[in-house]
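Trainee: To start, I am sharing the structure in question, which I have written as structure tokens.
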Amino acid sequence: MSFGAPQALSNITVLPPERGSFPLDHDGECKSIMKDYLACMRKSGGSSTKCRDLSKKYLECRMERGLMAPDKMENLGFHDKTR
Numbered sequence: 001m002s003f004g005a006p007q008a009l010s011n012i013t014v015l016p017p018e019r020g021s022f023p024l025d026h027d028g029e030c031k032s033i034m035k036d037y038l039a040c041m042r043k044s045g046g047s048s049t050k051c052r053d054l055s056k057k058y059l060e061c062r063m064e065r066g067l068m069a070p071d072k073m074e075n076l077g078f079h080d081k082t083r
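See the structure below:
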């Protein structure tokens with residue numbers, strides 16, 4: 001008799017997040033931008049395209065406050081619109 005996880009799950013390899021840890025914003029430093037983004041997503045019916053500027057602002061806020069590793073916006077999927 002075996003206890004715990006099913007046998008099929010014992011062969012799964014767990015990988016860390018691609019960009020490391022993502023600390024929580026305990027002090028709410030970027031909370032207002034996050035709320036604006038979520039409101040935009042609700043208003044647009046879940047279409048993230050209409051909310052990209054807010055998404056970018058949120059990531060910039062997190063980088064400025066040391067809540068995520070600094071990176072170029074291009075590496076995060078934000079490319080110059082003139083291309």
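With the UniProt record's numbering, letter number 17 in the sequence shown gets 17, and the count goes up by one each step, no holes.
Positions of the beta carbon are idealized from the N, C-alpha and C atoms, including for glycine.
(1) Whole angstroms are fine: how far does the CA of Gly-28 sit from the CA of Gly-45?
(2) Just mark Ser-32 as buried or exposed, buried being the case when its beta carbon has 16 or more other beta carbons within 10 Å.
(3) With distances taken from CA atoms, which of Glu-60, Met-68 and Leu-76 is nearest Leu-24?
(4) Among Pro-70, Arg-62 and Asp-80, which has the Cα closest to the Cα of Cys-30?
(5) Give the straight-line distance between the Cα atoms of Ser-48 and Glu-64, rounded to the nearest whole angstrom.
Mentor: Reading off the structure:
(1) As a working note, residue 45 is residue 45 in the sequence shown. As a working note, residue 28 is residue 28 in the sequence shown. Near 26 Å, if we compare the C-alpha coordinates of Gly-28 and Gly-45.
(2) Stepping through the sequence shown from its first residue, residue 32 is reached at position 32. With fewer than 16 Cβ atoms within 10 Å of its Cβ, Ser-32 is classed as exposed.
(3) In the sequence shown, residue 24 corresponds to position 24, counting from 1. Taking Leu-24 as reference, the option from Glu-60, Met-68 and Leu-76 with the minimal CA-CA separation is Met-68.
(4) As a working mapping, residue 30 is identified with position 30 in the sequence shown. Of the residues Pro-70, Arg-62 and Asp-80, the one whose Cα lies closest to the Cα of Cys-30 is Arg-62.
(5) Here residue 48 is taken as the residue at index 48 of the sequence shown, counted from 1. Here residue 64 is taken as the residue at index 64 of the sequence shown, counted from 1. For Ser-48 and Glu-64, the distance between alpha carbons rounds to 23 Å.
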